[in-house]
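A.B. asks: Residue numbers (the working numbering): 24 to 187. The beta-carbon is built from N, C-alpha and C at its ideal position, and this holds for glycine as well. First the structure, which I've put down as structure tokens, then a few questions once you've had a look.
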Amino acid sequence: MLKQWWWLSALVIGLDQATKYLAERLLVMHQPLPVAPSFNLLLTYNTGAAFSFLANAGGWQRWFFLGLGLMVSMGLLVWLVRLKPAEQRLAVALALILGGAVGNLIDRVWLGQVIDFIQLYYDRWYWPAFNIADSAITLGAVLLVLDSLGSNKSDPLKNPVDGS
Numbered sequence: 024m025l026k027q028w029w030w031l032s033a034l035v036i037g038l039d040q041a042t043k044y045l046a047e048r049l050l051v052m053h054q055p056l057p058v059a060p061s062f063n064l065l066l067t068y069n070t071g072a073a074f075s076f077l078a079n080a081g082g083w084q085r086w087f088f089l090g091l092g093l094m095v096s097m098g099l100l101v102w103l104v105r106l107k108p109a110e111q112r113l114a115v116a117l118a119l120i121l122g123g124a125v126g127n128l129i130d131r132v133w134l135g136q137v138i139d140f141i142q143l144y145y146d147r148w149y150w151p152a153f154n155i156a157d158s159a160i161t162l163g164a165v166l167l168v169l170d171s172l173g174s175n176k177s178d179p180l181k182n183p184v185d186g187s
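So, in structure tokens, the structure goes:
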């Protein structure tokens, strides 16, 4: 199944790395560039995980998240290879998550941190900055949940009919 969906992971990685390259070249660190209402471009770096989790942990987190990213990526590759042809939605979900994981992993390997540049907000409430890889991971996770919810209804072993 990997052969059929490798291009989606590659597309996510390419878009992620290209937009991060542009963000570093065109944006000034921590200076928002308004794009639309509630949407800024804002260059920042994250040494932690989502929502800057462990960002101030003293440096060991670089190696922790690097190792974790490698293990997750390898696990996703194995899962994707073992999928059946009928598991299309699951394949898309895994390919998106894999592409996002590798996109952020590239940053961690070369920079020791992840480049974030998309900022959403409402009034004075700001969502933590993120990037294309994070968006792909989130979309893939949503599809993964939808796939698991949808498969429960169609799988007679998970949802047996009561014959009494």
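Taking DSSP as the reference, what is the three-state secondary structure of residue 154?
C.D. replies: For the purposes of this step, residue 154 is taken as the residue at position 131 of the sequence shown. Residue state, collapsed to three classes: coil.
A.B. asks: How long is the line joining the alpha carbons of residue 56 and residue 105, rounded to whole angstroms?
C.D. replies: Walking along the sequence shown from the start, residue 56 turns up at place 33. Walking along the sequence shown from the start, residue 105 turns up at place 82. Those two C-alpha atoms are separated by around 44 angstroms.
A.B. asks: Could you give the DSSP three-state label for residue 106: helix, strand or coil?
C.D. replies: Taking the sequence shown and counting its residues from 1, the one referred to as residue 106 is at position 83. Coil, per DSSP.
A.B. asks: Closer than 8 angstroms by C-beta to residue 152: which residues in its own chain qualify, once you throw out the five before and the five after it? Chain order, please.
C.D. replies: Numbered from its first residue, the sequence shown carries residue 152 at position 129. Answer for residue 152: 65, 67, 69, 139, 140, 141, 142, listed in chain order.
A.B. asks: Based on the DSSP output, what are the partners of residue 161 in its beta bridges?
C.D. replies: Looking up residue 161 in the sequence shown gives position 138. Beta-bridge pairing links residue 161 to no other residue.
A.B. asks: Got a sec, what are the start and stop residues for the beta strand (DSSP E) residue 139 sits in?
C.D. replies: Along the sequence shown, one-based indexing puts residue 139 at 116. That run of the beta strand (DSSP E) goes 137–145.
A.B. asks: Between which two residues does the beta strand (DSSP E) containing residue 56 stretch?
C.D. replies: Your numbering for residue 56 matches position 33 in the sequence shown. 56–59 is the span of the beta strand (DSSP E), which, as asked, contains residue 56.
A.B. asks: Identify, in the order they occur along the chain, each residue of the same chain with its Cβ nearer than 8 angstroms to the Cβ of residue 112, setting aside the five sequence neighbours on each side.
C.D. replies: In the sequence shown, counting from the first residue as 1, residue 112 sits at position 89. Within the same chain, residue 112 has close Cβ partners 166, 169, 170, 173.
A.B. asks: Could you tell me whether any non-hydrogen atom of the ligand HEM is closer than 7 angstroms to the CB of residue 130?
C.D. replies: Summarising the ligand content, the structure contains no ligands, and the ligand HEM is consequently not present.
A.B. asks: Taking all protein chains shown into account, do 16 or more other C-beta atoms lie within 10 angstroms of the C-beta of residue 148, making it buried, or fewer, making it exposed?
C.D. replies: Your numbering for residue 148 matches position 125 in the sequence shown. Exposed, by the Cβ-count rule.
A.B. asks: Which residues does DSSP list as the beta-bridge partners of residue 67?
C.D. replies: Within the sequence shown, the letter at position 44 stands for residue 67. Its beta-bridge partners are 139.
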